[in-house]
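A short write-up of the structure that comes next.
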Amino acid sequence: MRTSQYLLSTVKETPSDAEIISHKLMLRAGMIRRLGTGMFSYLPTGVRVLRKVEEIVRQEMNKAGAIEVLLPMVQPAELWQESGRWHTMDAELLRFKDRHQRDYVLGPTHEEVITDLVRREITSYKQLPLNLYQIQTKFRDERRPRFGVMRAREFIMKDAYSFHLSQASLQQTYDAMYSAYCNIFNRLGLDYRPVQADSGAIGGSVSHEFHVLAESGEDAIAFSDSSDYAANIEMAEALAPKGDRPAATKALCEVATPGAGTVNEVATLLQVSSTNIAKTLFVQAEADEQGKQQLIALIVRGDHELNELKAEKLNGIASPLQFATDEQIRALCDAGAGSVGPVGLTVRIIADRSAVHMADFVVGANKDGYHLTGVNWERDIPKFEVADIRNIIAGDPSPCGFGNLIIKRGIEVGHIFQLGEKYSKALKAGVLNEEGKHQIMTMGCYGVGVSRIVAAAIEQNHDENGIIWPDAIAPFQVALIPMNMHKSVRIAEVTEQLYQQLTAAGIEVLFDDRRERPGVMFADMELIGLPHTIVIGERNLDNQQVEYKNRRTGEKVMLDIATVVTEIQQKLAC
RNA sequence: CGGUGAUUGGCGCAGCUUGGUAGCGCACUUGGUUUGGGUCCAAGGGGUCGCAGGUUCAAAUCCUGCAUCACCGACCA
0 MRTSQYLLST
10 VKETPSDAEI
20 ISHKLMLRAG
30 MIRRLGTGMF
40 SYLPTGVRVL
50 RKVEEIVRQE
60 MNKAGAIEVL
70 LPMVQPAELW
80 QESGRWHTMD
90 AELLRFKDRH
100 QRDYVLGPTH
110 EEVITDLVRR
120 EITSYKQLPL
130 NLYQIQTKFR
140 DERRPRFGVM
150 RAREFIMKDA
160 YSFHLSQASL
170 QQTYDAMYSA
180 YCNIFNRLGL
190 DYRPVQADSG
200 AIGGSVSHEF
210 HVLAESGEDA
220 IAFSDSSDYA
230 ANIEMAEALA
240 PKGDRPAATK
250 ALCEVATPGA
260 GTVNEVATLL
270 QVSSTNIAKT
280 LFVQAEADEQ
290 GKQQLIALIV
300 RGDHELNELK
310 AEKLNGIASP
320 LQFATDEQIR
330 ALCDAGAGSV
340 GPVGLTVRII
350 ADRSAVHMAD
360 FVVGANKDGY
370 HLTGVNWERD
380 IPKFEVADIR
390 NIIAGDPSPC
400 GFGNLIIKRG
410 IEVGHIFQLG
420 EKYSKALKAG
430 VLNEEGKHQI
440 MTMGCYGVGV
450 SRIVAAAIEQ
460 NHDENGIIWP
470 DAIAPFQVAL
480 IPMNMHKSVR
490 IAEVTEQLYQ
500 QLTAAGIEVL
510 FDDRRERPGV
520 MFADMELIGL
530 PHTIVIGERN
540 LDNQQVEYKN
550 RRTGEKVMLD
560 IATVVTEIQQ
570 KLAC
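Numbering that gives the first Met the number 0 puts the first sequence at residues 0 to 573.
This is how it looks when you write it as structure tokens:
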């Protein structure tokens with residue numbers, strides 16, 4: 000490609016609405032332009048990268064035995080009503096009507112459509128297992144789109160769905176997808192980790208996420224410092240502290256704590272550590288037969304945070320988790336949220352494992368402006384349950400039993416689930432088994448955020464001059480930069496000849512044939528991040544040489560013109 | 001969804017407080033100059049100041065409403 004015939008679209012100034020580095024660089028490098036909130040047009044350079052990522056994903060999926068299909072993005076409401084998600088997915092689902100006033104959704108994911116397709120096409124166990132995938136645009140009406148294509152409303156995703164007769168067969172495909180994903184992220188040249196995950200709104204049981212490690216990541220991941228344990232913080236179990244709870248030594252005592260509501264304020268005022276204060280949070284219980292909702296008190300240590308996912312999975316707690324309103328809290332405790340505690344409460348109390356290990360601790364007194372000190376379990380709070388309801392913190396012992404946890408940030412670029420029968424049951428997708436009996440299929444699903452990978456790759460590969468693409472996904476592999484081509488016939492001839500030779504060898508070359516000064520060309524090629532640059536200058540031509548420069552290492556070497564093609568081929572191969 | 005802020009040539013911004021015929025840098029066009037790291041000079045083109053209404057002799061500027069966009073928040077009592 001010649002720059003004179005290409006749409007380069009680089010800009011010097013960063014548009015003001017970009018927050019993170021990948022968004023800024025994608026705008027500056029002329030990869031994307033914003034159309035509306037969370038919606039982007041891809042310019043030629045952006046498309047080239049996108050297609051490369053897609054192609055790697057496609058190859059690895061095919062290699063793992065998945066088969067490509069293409070499903071509609073616009074989907075009839077009936078399917079979503081059938082699965083139940085017309086109601087449960089709620090705000091993220093973009094709905095609209097056609098000219099006949101029929102309801103439709105813009106596909107945020109395709110479990111419904113694929114299950115519908117498979118229930119019509121597959122009738123016998125002999126056709127299983129089956130793993131179908133597509134690479135396609137999704138639309139999710141995100142609560143808060145941000146970070147450019149990282150969390151866009153419209154985005155490109157590879158989604159695969161597998162169908163099985165047995166758990167063993169599902170596990171086999173799940174394992175195959177797990178290693179296919181590892182292959183994909185290895186080939187992309189990314190620093191990533193598979194981690195245990197919660198299956199969230201999609202449903203199902205076993206699940207792993209694949210995270211690209213980056214400071215700007217929206218997820219926190221817990222790693223063991225001495226094993227390969229890794230889990231999303233949502234998921235990581237907080238173990239009970241070792242040993243017995245210390246004995247009570249102090250009497251219950253009410254103290255005035257005017258103006259102190261938060262844990263930190265109370266800790267400062269009473270000169271105690273936040274680890275010796277218990278926080279009380281109220282959430283809604285599941286409605287009883289009469290449809291009435293009570294509150295449940297959750298107790299965590301002052302320095303810990305409630306883990307909503309863990310809490311909402313407990314029996315009796317409304318899911319999704321809903322916090323009590325200020326009015327409800329006042330009605331129950333006769334105090335504001337900053338002064339509430341478990342002593343004397345009549346509602347169900349669920350305490351975190353670490354919280355029940357405290358003795359002589361501090362809680363709100365259920366009286367505005369007062370706290371209780373010297374509080375002890377059983378003596379002062381006779382009835383309570385124990386559960387793991389907090390987020391782990393750095394330094395906690397690893398649930399695997401080896402070492403302690405460290406926390407890193409990650410960008411979720413892949414997620415695999417064992418769905419079970421959630422969708423196949425709802426849509427009655429079954430086959431005849433070996434005994435000739437109807438049997439519901441069990442399913443897995445496997446997603447890769449294709450457009451998010453592009454942003455994640457930039458987060459991990461850039462410097463002050465711009466993007467540094469891994470070879471596998473660079474929009475072009477080689478930049479050809481001639482010095483004063485428009486003045487020197489010799490330069491023009493050599494560059495033209497190199498361009499022809501490299502292109503003929505199947506190498507993707509961006510030949511900068513603009514009438515620009517060298518600085519402009521260097522800056523543009525570095526900004527868009529081409530991994531290999533060849534500079535053709537008058538002074539080296541006398542020795543039949545050109546200069547090679549590596550974008551990542553900055554390494555510069557002279558190459559004989561005759562060997563340029565083979566040298567570049569060697570660099571691309573390794 | 002709640003809070004905060006923004007909206008002025010393609011992009012980044014000033015002008016608004018104190019109303020009086022819209023400006024700067026980048027980009028673009030033309031001519032010249034320069035040519036191994038975003039040259040320099042000159043001359044140009046391009047804006048109903050987000051939309052609608054109001055106040056006024058007069059509105060980018062003041063008032064009201066709406067729209068769009070961004071950031072923060074949506075357990076941490």
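Positions of the beta carbon are idealized from the N, C-alpha and C atoms, including for glycine.
Beta-carbon proximity of residue i to residue j, cut-off 9 Å
i	j	result
Tyr547	Glu525	no
His22	Met149	yes
Ala213	Glu458	yes
Arg244	Leu305	no
Tyr160	Val117	yes
Asp512	Met557	no
Leu24	His531	no
Lys157	Arg33	no
Ala76	Arg101	yes
Among the options, the one whose alpha carbon lies nearest that of residue i
i	options	result
Ala425	Arg94, Thr441 and Ser397	Thr441
Gly363	Leu69, Arg347 and Ser338	Ser338
Pro14	Phe146, Ala196, Ala310 and Arg378	Phe146
Phe209	Tyr228, Glu411 and Lys309	Glu411
Gly368	Asp140, Val346, Arg347 and Asp333	Asp333
Ala473	Pro396, Ala454, Glu141 and Glu463	Ala454
Gly446	Arg118, Tyr124 and Gln133	Gln133
Trp376	Ala572, Ala277, Leu404 and Val346	Ala277
Leu320	Ala561, Glu285 and Thr345	Glu285
Val205	Thr502, Gly419 and Leu497	Gly419
Gln293	His303, Val299, Arg300 and Phe281	Phe281
Leu313	Gln283, Asp325 and Asp302	Gln283
Phe383	Ala456, Ala196, Asn464 and Leu297	Leu297
Asp523	Tyr124, Ala28, Arg1 and Tyr5	Ala28
Through-space distance from residue j to residue i, alpha-carbon basis
i	j	result
Val73	Gly106	6 Å
Ser165	Tyr173	12 Å
Ala330	Pro341	15 Å
Ser585	Tyr422	What the structure shows of the chain is the stretch from 0 to 573, and residue 585 is not part of that stretch, so it cannot be assessed.
Thr494	Gln569	20 Å
Ala393	Phe222	9 Å
Gln417	Thr261	41 Å
Gln438	Cys444	19 Å
Trp468	Leu529	6 Å
Ile560	Gln499	13 Å
Ile580	Val299	Residue 580 falls outside the range modelled here, since the chain spans only 0 to 573, and no answer is possible.
Arg94	Val104	4 Å
Arg352	Asp89	34 Å
Pro257	Ile31	54 Å
Ile155	Asp140	14 Å
Gln126	Asp97	36 Å
Asn403	Ile391	11 Å
Gly35	Gln135	20 Å
Arg378	Asn365	18 Å
Coil, strand or helix - residue i by DSSP
i	result
Asp102	strand
Trp468	coil
Gln499	helix
Ile66	strand
His485	coil
Glu12	coil
Thr372	strand
Ile535	strand
Cys252	strand
Phe146	coil
Ser215	coil
Gly37	coil
His22	helix
Exposed unless 16 or more other CB atoms sit within 10 angstroms - verdict on residue i
i	result
Ile295	buried
Ser318	exposed
Gly409	buried
Gly435	exposed
Ile113	buried
Lys486	exposed
Gln270	exposed
Ile577	Because the chain here runs from 0 to 573, residue 577 falls outside it and cannot be looked at.
Lys427	exposed
Ser226	exposed
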